[in-house]
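Quick notes on the structure that follows.
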Amino acid sequence: MTGFHSLLADCVDIGLILLNREGRICLWNRWIEQRSSLDAARVVQLPLAEAFGAPIDPRLALVVRETLDFGWSARLSHALHPMPLPLFPPGCKQDERVKQAIDVIPVDVDGVRHCLLQIRDVTETVRREALLKQQARQLRSDLQRLSRAQVELQHSEMRFRELARQAPAGLFEADSHARCTFLNERCEQILGRSLPEVTDIPWLDLLPPGEQQRVRDSWRLAVASATRFAEEFVFIRPDDGSRRRMRAEAGPLRDELGRISGFIGTMVDVTEFHERAVLNEFRANHDSLTALLNRDRFDRHLCAAITGAAESGERVAVLFIDLDDFKQINDTHGHQAGDTVLKTIASRLRRTLRNEDRVARYGGDEFAVLLNGAHDRRALDGVIAKIKRVVALPINLGHCHVHICCSIGLAIYPDHGRDPATLLTHSDKSMYSAKRRHSDPQR
Amino acid sequence: MHTFSELELDALTEAFNLSLGEAAATFSAIVHEEIELSVPTIEILSRDALTERLTQGRPDSGNDRLCRINQRFNSADGFQTDALLLFPEHGSLEIVRRMLGDDTPVQHITELEQDALAEIGNIIINSCMASLANLFGTEIIGSLPSVQSRSAATLLDDRDADSVILVARISMNMAAHNLSGFVLFIMDVPSITSFMGQIRRLFRLPGHDDPAPAP
Chain B
1 MTGFHSLLAD CVDIGLILLN REGRICLWNR WIEQRSSLDA ARVVQLPLAE AFGAPIDPRL
61 ALVVRETLDF GWSARLSHAL HPMPLPLFPP GCKQDERVKQ AIDVIPVDVD GVRHCLLQIR
121 DVTETVRREA LLKQQARQLR SDLQRLSRAQ VELQHSEMRF RELARQAPAG LFEADSHARC
181 TFLNERCEQI LGRSLPEVTD IPWLDLLPPG EQQRVRDSWR LAVASATRFA EEFVFIRPDD
241 GSRRRMRAEA GPLRDELGRI SGFIGTMVDV TEFHERAVLN EFRANHDSLT ALLNRDRFDR
301 HLCAAITGAA ESGERVAVLF IDLDDFKQIN DTHGHQAGDT VLKTIASRLR RTLRNEDRVA
361 RYGGDEFAVL LNGAHDRRAL DGVIAKIKRV VALPINLGHC HVHICCSIGL AIYPDHGRDP
421 ATLLTHSDKS MYSAKRRHSD PQR
Chain W
1 MHTFSELELD ALTEAFNLSL GEAAATFSAI VHEEIELSVP TIEILSRDAL TERLTQGRPD
61 SGNDRLCRIN QRFNSADGFQ TDALLLFPEH GSLEIVRRML GDDTPVQHIT ELEQDALAEI
121 GNIIINSCMA SLANLFGTEI IGSLPSVQSR SAATLLDDRD ADSVILVARI SMNMAAHNLS
181 GFVLFIMDVP SITSFMGQIR RLFRLPGHDD PAPAP
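Protein chains in written order, with the working numbering: chain B, 1 to 443; chain W, 1 to 215.
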């Protein structure tokens, strides 16, 4: 090798070893010196294995031979031959070889075939590719996780949709301005409108004008305080114009920053429930035949009236009314006729008395009346006489008219007693003595 | 178009078969796993006929890329050939990763994997070329392999349309993976003429000029 060639070989960033026809080293560049810790001077004219002082990769030995004998070129990739030569990173401890890729080519030197080994350090490439593969693995596992989550999301969305479809209650989701973003089928039925028809207007605007302000205030309060919204309101169905009573309940939804983004909740048509409740309350307090107060309710009114009168110094009168010979009507004309008589009498009593007076059906054919402000005895007598008159008017049974009279007993707070029981007993007794007078005028 | 007689093809097949057996042994030694290279089938085709063959029956072949490992060989007596090894990119990537015991899902071939593929091509091509050199009793100097990836339709665009190509179809088997590919020797007209002459002379087939010496 000429000095020029050696100089050139020392300048390149690749390992160069030139072997002569006999396989002995005739060039050993600086790159190799630095990584083998062997000076060129020490190894020139030595075979490869002897120079390194260790057996070299058998495949490398084979291809070197093929190159010298037949002129073939060969590539020893790092992947299949990771570190064929004992070369180490310059300046490092000799514990791990440089990762290598070796090209072996025939070269013609002065008409004689030589074999050139070009050794590349692929450590950095290996590191880069390992990183790339690690990232690819990470990406794959992320992707798998993501697609699993997506599947789960699809399932849960499907579940929710099916639940929402089958739910007997209306379900809705609305933004904080009460504009609906979701309605299930039931809710569309209840509102009588489809989602696209109401997306741009607050659902509160669908309420009758008289209800809007109250419900809107309640909605605003729920938005401002991030609390549950619950309201009952009247709603006019646009499809049939029917008047319904609704109950809406909703809980706040928050966005990723924790701000209220809207509400999700239920809307239920409580019309029937409401009507039933009113009816039940009426039944609990009223007689089912005559719709007058029942005995319980009357007693409670009496207690309240006595308490009120005790404070204000007012007087309270209790009238006990018993129909005379009512049994006879029942026996002669049947129970239905009896019922008609009771209903007619009840209606006449109601019309005869003031709104603030309480009238009750106290027993089978007994009625009780509570009169507040009964300080004037003459006025009381007038009321009693009026009652007797209206009761005595003929009652049309359809096939005939009947006449019935009544006996009335009177008790006044505080004159005849200071508690309900005493007053009622007094009134009852007074009624019976009146009845006796009525059936036996001689006495 | 030059053609081979059946006898000549048989003779070439036998020569390639022997050398591919040695290539397979070399692989097995490197990766410590059984690798089988099939008995090749040999034919002579024009460039366009081969392109048609490569894209045949695969309507999506425009997207199905092939790996091409290329080496150039020159002999002292003026014979020149480009030796190409072709494998489907996806299949060869699978085989290389299988050899390296790596199942990382990187979509494209990496630099180190490409190097390994070059070595695989190098071993197969060198072994085939060894049998030719042996037959011709001449020395054929070979370059280093280079690897490219292309669609089948454009794979041979850099070759002359009238190039004559000696095609050896081989397949490589490794642990239930099967990879079919081609070894091509692309020659110019003088080379193919000299090549055919050599074959006829060597196998003492009818048409060669030399008097046949007794074996």
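Just so you know, even glycine gets a beta-carbon here, dropped at the ideal spot from N, CA and C.
CB-CB under 6 Å to residue i, same chain, minus the five flanking residues each way: which ones, in chain order?
i       : result
L393(B) : none
S61(W)  : In this prediction, S61(W) scores a pLDDT of 46, lower than 50, which makes its location untrustworthy; the coordinate-derived value is nonetheless stated afterwards. Closer than 6 Å at the Cβ level, and outside the excluded window around S61(W), lie T55 and A152.
D210(W) : With a pLDDT of 48 at D210(W), under the threshold of 50, the predicted position of this residue should be treated as unreliable, though the coordinate-derived value follows. Hits under 6 Å: R201.
V198(B) : C180
Please list, in chain order, all residues of the same chain as residue i whose beta carbon is under 8 Å from its beta carbon, the five residues on each side excluded.
i       : result
A337(B) : I329, N330, L397 and V402
V64(B)  : L19, G23, L48, V104, C115 and L117
S28(W)  : E34 and I35
S149(W) : R65, L66, C67, R68, E89 and I109
R443(B) : Residue placement at R443(B) is flagged as unreliable, the pLDDT there being 46, under the threshold of 50; the coordinate-derived value follows with that caveat. Within the same chain, R443(B) has close Cβ partners R436 and R437.
R348(B) : V390, V391 and L393
Taking C-beta to C-beta, are residue i and residue j nearer than 8 Å?
i       : j       : result
N294(B) : N280(B) : no
H449(B) : L18(B)  : Coverage of chain B is limited to positions 1 through 443, which leaves residue 449(B) absent and any answer about it impossible.
L163(B) : V318(B) : no
S131(W) : L9(W)   : no
A374(B) : R315(B) : yes
W31(B)  : V12(B)  : yes
S218(B) : F235(B) : no
H177(W) : I95(W)  : yes
R127(B) : A101(B) : no
Chain B beta carbons: is any one of them nearer than 8 Å to that of residue i?
i       : result
V183(W) : no
S61(W)  : Residue confidence for S61(W) is low, a pLDDT of 46 falling below 50, so the modelled location carries little weight; the figure read from the coordinates is stated next. No, its Cβ sits nowhere closer than 8 Å to a Cβ of chain B.
T138(W) : no
I141(W) : yes
T110(W) : yes
P190(W) : no
D48(W)  : no
A25(W)  : no
L20(W)  : no
L202(W) : no
A116(W) : yes
N70(W)  : no
I30(W)  : yes
A214(W) : Its pLDDT being 40, under 50, A214(W) is placed unreliably by the model, and the measurement read from it follows with that caveat. Answer no: the Cβ-Cβ gap between A214(W) and chain B never drops below 8 Å.
E113(W) : yes
A153(W) : no
P40(W)  : no
Of all the CB atoms in chain W, is at least one closer than 8 Å to the CB of residue i?
i       : result
P106(B) : yes
E129(B) : yes
T181(B) : no
D121(B) : no
T227(B) : no
L171(B) : no
L132(B) : yes
D217(B) : no
V126(B) : yes
Sorted by chain position, which residues of the same chain lie with C-beta nearer than 7 Å to residue i's C-beta, five sequence neighbours on each side aside?
i       : result
D39(B)  : E33
S433(B) : none
M481(B) : The requested residue 481(B) is not part of the displayed model; chain B covers only 1 to 443.
A226(B) : P252 and I260
What number of angstroms, rounded off, separates the C-alpha of residue i from the C-alpha of residue j?
i       : j       : result
A248(B) : G363(B) : 43 Å
F185(W) : I42(W)  : 11 Å
S73(B)  : I105(B) : 4 Å
E231(B) : R297(B) : 30 Å
W203(B) : R186(B) : 15 Å
A360(B) : C406(B) : 15 Å
E170(B) : M246(B) : Checking the sequence, you will find Gly at residue 170(B) rather than Glu. Approximately 10 Å between the Cα atoms of the pair.
P420(B) : E275(B) : 33 Å
I120(W) : I140(W) : 20 Å
S6(B)   : L45(W)  : 47 Å
S439(B) : D324(B) : 9 Å
D269(B) : K388(B) : 48 Å
Members of the stretch 68-100 of chain B that neighbour chain W once the beta carbon cut-off is set at 7 Å: F70, G71, W72, S73, A74, R75, L76, S77, H78, A79 and L80
Residues from the stretch 237-271 of chain B in contact with chain W, defined by Cβ distance under 9 Å: none
Taking beta-carbon pairs under 8 Å, can you tell me which members of the stretch 75-104 of chain W lie near chain B? V96, M99, L100, D102 and T104
Determine which residues of the stretch 135-169 of chain B have a Cβ less than 7 Å from any Cβ of chain W, and write them out in chain order. A136, R137 and R140
Please list, in chain order, the residues of the stretch 47-71 of chain B that have any C-beta partner in chain W closer than 8 Å. R59, E66, F70 and G71
Tell me which residues of the stretch 191-202 of chain B have at least one Cβ-Cβ distance to chain W shorter than 9 Å, keeping chain order. none
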